[in-house]
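Residue numbers (our numbering), protein chains in the order written: chain A, 2 to 411; chain B, 2 to 438.
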């Protein structure tokens, strides 16, 4: 395996506010747009692409369509004869596709890989969609006969914090408010035109119903449809790419570090195993610290911003102390001190995150990497954070069973 | 770490309180709701307290939050008018499209408004200058149009223009305010009747209602359906708008415009019959479409003006185009339309070509020439949910090919089209406007 750097050359995100089933579109139409948009925005030559990797959770369930890699041949005849692979790790499907692309590049097998994360979820009603999402947990053990199992699982995460350290739901509401606020600056965010306020997030009501325990609608990321396509390249290819465009190679964002861990699939077992650990989810913490170590950074304060997995406000609450912004159990301090806000010491989810930008499951990990790329390249538009050199991302699958952390930067 | 944002325009704090006149209606209540969502104090005024409260409920439903109610004060013209207008920094008039009633209301507004309070109308069908005849210099210099599209929560376009007497700084201020504070896509337009969006769309609607006599409602909406680059088919859109509004706009365009498409402005007899029978569209639970208790739709027969069962049309080239659209192949879908032959195909091509021809013809008349096609592109996308004219040009094969198609149909070819004006809109990011049905 070579130790050369692995570069990100940009890509394209579909508008996560769209409902492709209402548009009567096939999932392949979404993939086509992401691919074509990525070629248009990066100006890469399709002939230079060696392989296409797809991150997707459950297209067979939502769309009655598997074998998504095969559709690349329909988008561009260049793909006939090239390798394509699909990857699945629940909500971390996108990140594991990118991670594997990175490994192929580092192994010297390919020079340029197209990574496409995609999920079409509005094709079914919310009850059925919630049930399908249950397959990201241990379905028989944790989800059979339970309506909307995931809000319940992540509600339990909040309960565990409450039991160990105390948890005020107002801090969760503030997380929702910040993410919705950030989404307003992102032209591809699902909720960019939705209303949210701290008062609304705090108040149960007709439009903010309690889903489970402490989890209300405002605490949840919303299911949506979306696809994101980006390019992972070898140093050799990135050098040529930079040369052709008059860019300096050192200014092209690259993957500086990564961490990838798997925890017990059952949420109760995860929590039981961490009983004597200061972190509620130590396996998630390990993915983060592995990424820090590989990137050669000491701690979170060497990052300039974070794109984290806030499928629920409780998961972002967990991410705050697991990234190390506070001591374990003290995430509320970072919220109260404004550290995670735009303009704060370490902004989290300027894109809006999963709560604001939307969570098309298989696309999320790739979307986080694309946003990291945009921020480092300085092309994130109205949600650009100034002077970003390093971004941390965290994509989790299931109830934090699969954990993938990247550090992207220059 | 700081988020980079565009520097907000100075002086937004000047607008803290808004009075919405006509808050029982859709545009009044929902645009007022947007203001309340963004932290402004908003008076909802209409003829009755109950009407304003109905408007409040619409605003709550749009925001999907009861909490915005704390920013809204409901009342009627008799009891709350003086307080609201005295306090307001911006008065938004969204009452019925009747020049006389608007003039009377403005006279009352003038009695109580503070100097420098901004007054805007949401009308697009009435000539603006006539509405403020007799008003003071200060009133006129602070008067402008803020034409929201329906429903404002989903349609972000807002056409803005002043009259001759309007202080240009007020227009500029409101453009910034609407963009930054209310998150509108502001389209600066010239002070012409129906502005950009309605001028263009209603001429096409008019042509379609004429053709409907021959083809019928269901077939017409099938042929000019969402696969041609619009979220709603045209006659279903008119049901949403209301035929009374449609008639008012067509009449106003008839009186106040004169261009190459003037002959398309028509009010077929069956539409007058529909209006007489109160078949105005969705608001009267029957227009071109009528939903039965069973959930099935029946369609108006333009000959008898009775409702007839669905015929479920099936035309080969339409189905082929829809298949390509379903797979995200919009150019191929339009190739299927262009290569088709027969009466139905010609109608689809005629309407698409007319859309392009009239759009480019209006550049310089309804929007500044300097904007190119951008302004009309924006209003059609963000106001009507139609694919922008420049996108239709692209799927037709580009400017040269589109110009050729227009010339073959003896439609005017504007220099704005042949000069190949660029637009931010492109096929890839306009996919949502091409719906496979």
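A virtual CB, placed ideally from N, CA and C, is assigned to each residue, including glycine.
Just so you know, these numbers come straight off a predicted model, no measurement behind them.
A buried status is given to residue 193 of chain A, since no fewer than 16 other beta-carbon atoms sit within 10 Å of its beta-carbon. Not a single C-beta of chain A is nearer than 9 angstroms to the C-beta of residue 426 of chain B. Distance from the CA of residue 285 of chain B to the CA of residue 57 of chain B, rounded to the nearest whole angstrom, comes to 21 angstroms. Across the structure, residue 79 of chain A and residue 239 of chain A are spaced so that their CA atoms are roughly 21 angstroms apart. Judged by pairs of C-beta atoms under 8 angstroms, the region 370-377 of chain A does not touch the region 216-225 of chain A, as fewer than three such pairs exist. Per DSSP, the unbroken alpha helix (DSSP H) holding residue 213 of chain B starts and ends at 198-216.
If the five residues before and after residue 265 of chain B are omitted, its C-beta is found closer than 7 angstroms to the C-beta atoms of 204, 207 and 208, all from its own chain and listed in chain order.
The beta carbons of residue 91 of chain B and residue 20 of chain B sit closer together than 9 angstroms. Distances from the alpha-carbon of residue 333 of chain A to those of A/343, A/344 and A/321 put A/321 closest. Apart from sequence neighbours up to five positions away, the residues of its chain that approach residue 18 of chain A with a beta-carbon distance below 6 angstroms are 191, ordered along the chain. Against chain A, the CB of residue 393 of chain B has no partner CB under 9 angstroms away; the residue lies outside that interface. Within the same chain, Cβ atoms closer than 6 angstroms to the Cβ of residue 314 of chain B are found at 220 and 223, the five residues on either side in sequence being excluded. A Cβ-Cβ distance of about 5 angstroms is found for the pair residue 255 of chain A and residue 8 of chain A, placing them in contact under the 8 angstroms criterion. Shown here, residue 306 of chain B sits in coil according to DSSP, grouped into three states, outside any helix or strand. At a cut-off of 9 angstroms, the C-beta of residue 303 of chain A has no neighbouring C-beta in chain B. The Cβ of residue 80 of chain A sits no closer than 9 angstroms to any Cβ of chain B. Using a Cβ-Cβ cut-off of 9 angstroms, residue 157 of chain B counts as an interface residue toward chain A, since at least one Cβ of chain A sits closer than that to its own. The way I'd put it, the region 227-238 of chain A doesn't touch the region 327-347 of chain A; fewer than three beta-carbon pairs between them come closer than 8 angstroms.
Its chain contains 318 as the residues whose beta carbon lies nearer than 7 angstroms to that of residue 341 of chain B, once the 5 sequence neighbours on both sides are disregarded; these appear in chain order. Residue 303 of chain A is positioned such that its CB atom lies no closer than 9 angstroms to that of residue 356 of chain A.
Bounds of any beta strand (DSSP E) do not take in residue 139 of chain A, whose DSSP letter is neither H nor E. Rounded to the nearest whole angstrom, the CA to CA distance from residue 350 of chain A to residue 183 of chain A is 7 angstroms. C-alpha of residue 103 of chain A to C-alpha of residue 318 of chain A: approximately 29 angstroms in a straight line. Neighbours of residue 437 of chain B in chain A, taken as residues at a C-beta separation under 7 angstroms, are given in chain order as 24, 25 and 26. Contact of residue 378 of chain A with chain B is not assigned, every C-beta pair being separated by 9 angstroms or more. Interface residue (Cβ-Cβ distance to chain B less than 9 angstroms): residue 105 of chain A is not classified as such. The three-state reading of DSSP puts residue 126 of chain B in coil, since its state is none of H, G, I, E or B. Here the C-alpha atom of residue 405 of chain B lies approximately 10 angstroms from the C-alpha atom of residue 419 of chain B. Excluding the 5 residues flanking it on each side, residue 133 of chain A has same chain C-beta neighbours closer than 6 angstroms at 59 and 62, in chain order. Across the structure, residue 381 of chain B and residue 388 of chain B are spaced so that their CA atoms are roughly 7 angstroms apart. By the neighbour-count criterion, in which a residue is buried when 16 or more other Cβ atoms sit within 10 angstroms of its Cβ, residue 327 of chain B is buried. By the neighbour-count definition (other C-beta atoms within 10 Å, threshold 16), residue 248 of chain A is an exposed residue. Taking 9 angstroms as the CB threshold, residue 277 of chain B stays off the interface with chain A.
At a beta-carbon threshold of 8 angstroms, the residues of chain B lying near residue 16 of chain A are 430 and 433, ordered along the chain. Interface annotation, residue 220 of chain A: not in contact with chain B, CB-CB separation never under 9 angstroms. Within chain B, the C-beta atoms nearer than 7 angstroms to that of residue 37 of chain A come from 429, in chain order.
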